[in-house]
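Under this note's numbering, the residue at position 389 of the sequence shown is numbered 548, and the numbers go up by one with no gaps.
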Amino acid sequence: MSVNAPDPASLALTPDEMRALGYQAVDALVERWTGLEDAPPLSGASRAELDERLAHLAPPPEEGRDPARVLEEAVGQILPLAARVDHPRFWAYVPSAPTWPSVVADFLVAGHNVFQGTWQGSAGPSWVELQVVEWFRQWIRMPEGSGGVFTSGGSMANFLAVVTALHAAGRPARPAVYMSDQAHSSLARAARAAGIAPECIRILPTGPDLLLDPQAVDAALTADRQAGLHPVLVCANGGATNTGRVDPLRSLVQLARHHGVRCHVDAAFGGFAALVPEGRQALDGLGGADSITLDPHKWLFQPFECGCLMVRDIPALEAAFAAEADYLQDTELGREQVNFGARGLQLTRQARALKVWMSVRTFGTEAIRDAVGRGMEMAHRAESMIRARPDLQLLSPATLGIVAWRCRPPQVPAGQLDALNRAVQAAVVDGGHAMISSTRLGGEYALRFCFVNPRVRATDVEAVLDRAVELARAEGP
Ligand SMILES: *Cc1c(COP(=O)(O)O)cnc(C)c1O
Numbered sequence: 160m161s162v163n164a165p166d167p168a169s170l171a172l173t174p175d176e177m178r179a180l181g182y183q184a185v186d187a188l189v190e191r192w193t194g195l196e197d198a199p200p201l202s203g204a205s206r207a208e209l210d211e212r213l214a215h216l217a218p219p220p221e222e223g224r225d226p227a228r229v230l231e232e233a234v235g236q237i238l239p240l241a242a243r244v245d246h247p248r249f250w251a252y253v254p255s256a257p258t259w260p261s262v263v264a265d266f267l268v269a270g271h272n273v274f275q276g277t278w279q280g281s282a283g284p285s286w287v288e289l290q291v292v293e294w295f296r297q298w299i300r301m302p303e304g305s306g307g308v309f310t311s312g313g314s315m316a317n318f319l320a321v322v323t324a325l326h327a328a329g330r331p332a333r334p335a336v337y338m339s340d341q342a343h344s345s346l347a348r349a350a351r352a353a354g355i356a357p358e359c360i361r362i363l364p365t366g367p368d369l370l371l372d373p374q375a376v377d378a379a380l381t382a383d384r385q386a387g388l389h390p391v392l393v394c395a396n397g398g399a400t401n402t403g404r405v406d407p408l409r410s411l412v413q414l415a416r417h418h419g420v421r422c423h424v425d426a427a428f429g430g431f432a433a434l435v436p437e438g439r440q441a442l443d444g445l446g447g448a449d450s451i452t453l454d455p456h457k458w459l460f461q462p463f464e465c466g467c468l469m470v471r472d473i474p475a476l477e478a479a480f481a482a483e484a485d486y487l488q489d490t491e492l493g494r495e496q497v498n499f500g501a502r503g504l505q506l507t508r509q510a511r512a513l514k515v516w517m518s519v520r521t522f523g524t525e526a527i528r529d530a531v532g533r534g535m536e537m538a539h540r541a542e543s544m545i546r547a548r549p550d551l552q553l554l555s556p557a558t559l560g561i562v563a564w565r566c567r568p569p570q571v572p573a574g575q576l577d578a579l580n581r582a583v584q585a586a587v588v589d590g591g592h593a594m595i596s597s598t599r600l601g602g603e604y605a606l607r608f609c610f611v612n613p614r615v616r617a618t619d620v621e622a623v624l625d626r627a628v629e630l631a632r633a634e635g636p
């Protein structure tokens with residue numbers, strides 16, 4: 160049968176139907192992108208509300224329907240009920256503001272249904288992954304010969320790093336890992352999932368600077384070794400999610416090497432700051448690490464999912480995840496022809512590097528660098544705005560695009576500040592002014608801005624801070 164004939168039995172559309180549906184999707188997306196600011200940064204609903212409102216969309220229909228109507232249901236009723244993480248006023252957690260070419264790349268990859276587990280399955284896209292990983296290596300200044308693998312995100316990259324360290328250490332009986340109380344939760348979770356005993360996951364307390372103290376790590380490594388533990392990995396922050404702060408990477412790398420232990424830097428959010436001088440300085444020593452987590456879906460303007468683990472010694476990574484199967488014997492084409500499925504847990508993998516490749520080739524590295532720099536610049540401007548408002552208190556200065564603060568009007572007693580700030584945050588978010596999230600710093604409830612979206616505007620930040628001051632006055636006693 161010709162592809163021009165409609166053939167429901169083979170789940171095919173005609174070429175005209177394919178085009179119509181594709182164009183309809185593009186039109187819907189362009190409308191969403193251009194109208195983004197008219198929508199609030201966050202939309203959602205409870206499960207019960209949706210069970211009721213979307214009841215007509217719940218059961219799988221026996222009969223098919225017009226694809227245009229199905230697309231309208233998705234675009235009109237389902238997809239808007241979500242955080243708009245790329246909204247210029249979404250400053251919570253770590254935002255993600257993809258480029259249009261990167262979104263189109265994901266569409267192209269899905270349409271080509273690339274199987275990127277083996278070189279045989281995807282020579283071109285695997286070649287692109289090698290190139291983009293090489294760009295990253297140069298940007299973060301790892302030594303030549305270092306390499307990596309794209310992952311679903313930072314959590315998976317951290318997991319691969321932990322397992323690689325365990326394997327490289329010979330899978331000892333009582334392995335131990337070290338990180339600060341500012342480490343991302345995915346690291347301790349990765350260690351637990353990798354089978355490390357909870358008491359051997361050493362979360363070292365930080366002082367007022369919130370940094371991992373090399374002396375404390377040194378002492379813990381020495382004491383644990385004497386106690387019969389086998390230290391395998393020191394994890395440092397290359398931009399803590401809370402504050403953007405960077406642990407003393409150069410000292411930690413040296414210390415770990417001195418102890419014969421691997422050093423991993425979780426730079427999921429902060430790593431691409433190395434593209435600009437301020438970030439490169441903050442991340443001094445990064446390239447010396449044994450492994451580094453990067454999240455292009457954060458500060459490299461890619462849609463979810465896009466993470467990456469970089470490693471100094473690729474064989475150590477491949478040894479940790481080696482798998483042999485008779486039914487894969489045809490895919491061994493020699494070391495040069497990299498099977499990316501052998502660098503992690505996923506055999507079937509999406510081609511994630513292509514979106515980075517298309518973004519960077521479209522805009523050029525200079526524009527990408529400028530866009531990264533903008534986030535950092537915006538955090539500095541926000542810090543000045545916070546300092547200029549007597550009712551606001553700076554809790555953590557602008558670091559890699561993050562700044563933390565709270566309302567502290569003089570008439571409000573210290574004991575009521577947590578509740579006050581929680582109320583201000585809720586009012587800012589519920590009012591659709593901006594999406595901001597909170598954390599705890601030194602025990603205090605802290606509001607936090609994270610500016611990795613190059614489309615954030617200073618006037619919006621001013622307006623939200625003014626609003627916070629107003630709300631705090633109104634909420635206060
Ligand atoms: C976001 C983040 C992670 C987790 O990455 P996902 O992509 O969400 O899995 C890990 N570490 C740090 C420092 C992060 O900012």
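Glycine included, C-beta positions come from ideal geometry on N, C-alpha and C. Every value quoted in this text rests on a predicted model; they were computed, and no experiment measured them.
Distance cut-off 7 Å: residue i Cβ against heavy atoms of ligand 1
{"i": "GLY466", "result": "yes"}
{"i": "HIS343", "result": "yes"}
{"i": "SER314", "result": "yes"}
{"i": "ALA631", "result": "no"}
{"i": "THR452", "result": "yes"}
{"i": "GLY503", "result": "no"}
{"i": "LYS457", "result": "yes"}
{"i": "ASP425", "result": "yes"}
{"i": "GLY398", "result": "yes"}
{"i": "ASN317", "result": "yes"}
{"i": "VAL189", "result": "no"}
{"i": "PHE431", "result": "no"}
{"i": "VAL287", "result": "no"}
{"i": "VAL268", "result": "no"}
{"i": "PHE428", "result": "yes"}
{"i": "VAL253", "result": "yes"}
Residue i: first and last residue of the uninterrupted alpha helix (DSSP H) it sits in
{"i": "ILE355", "result": "Note, ILE355: premise wrong, no alpha helix (DSSP H); not H, not E."}
{"i": "GLY444", "result": "It is not in any alpha helix (DSSP H) - GLY444 carries neither H nor E in the DSSP assignment."}
{"i": "ALA622", "result": "617-634"}
{"i": "GLN488", "result": "First-last for GLN488: undefined, no H or E at that position."}
{"i": "ASP589", "result": "576-589"}
{"i": "SER261", "result": "259-271"}
{"i": "ARG546", "result": "524-546"}
{"i": "ALA227", "result": "226-232"}
{"i": "ASP210", "result": "206-212"}
Beta-bridge partners of residue i, as assigned by DSSP
{"i": "GLY396", "result": "In the sequence as presented, Gly is not what sits at residue 396; that position holds Asn. Answer by DSSP bridge pairing, in chain order: ASP425."}
{"i": "HIS389", "result": "PRO334"}
{"i": "ARG361", "result": "TYR337"}
{"i": "GLY466", "result": "THR310"}
{"i": "PHE249", "result": "MET594"}
{"i": "ALA242", "result": "LEU201"}
Start-to-end residues for the beta strand (DSSP E) that takes in residue i
{"i": "ILE451", "result": "450-453"}
{"i": "PRO334", "result": "334-339"}
{"i": "ARG404", "result": "Segment: none, ARG404 is in no beta strand (DSSP E) and carries neither H nor E."}
{"i": "LEU600", "result": "596-600"}
{"i": "THR127", "result": "Nothing about residue 127 can be reported from this structure: the residues present for the chain run from 160 to 636 only."}
{"i": "GLU437", "result": "That residue, GLU437, is in no beta strand (DSSP E); its alpha helix (DSSP H) goes 436-441."}
{"i": "ALA482", "result": "From DSSP, ALA482 is part of no beta strand (DSSP E); its letter is neither H nor E."}
{"i": "GLN607", "result": "What sits at residue 607 in the sequence shown is Arg, not Gln. First-last of the beta strand (DSSP E) with ARG607: 603-609."}
{"i": "VAL562", "result": "561-566"}
(request) Any chance you could list the alpha helix (DSSP H) runs of at least 4 consecutive residues sitting entirely within the region 279-334, in chain order? (result) Within the region 279-334, the complete alpha helix (DSSP H) runs of at least 4 residues are 282-298 and 313-327.
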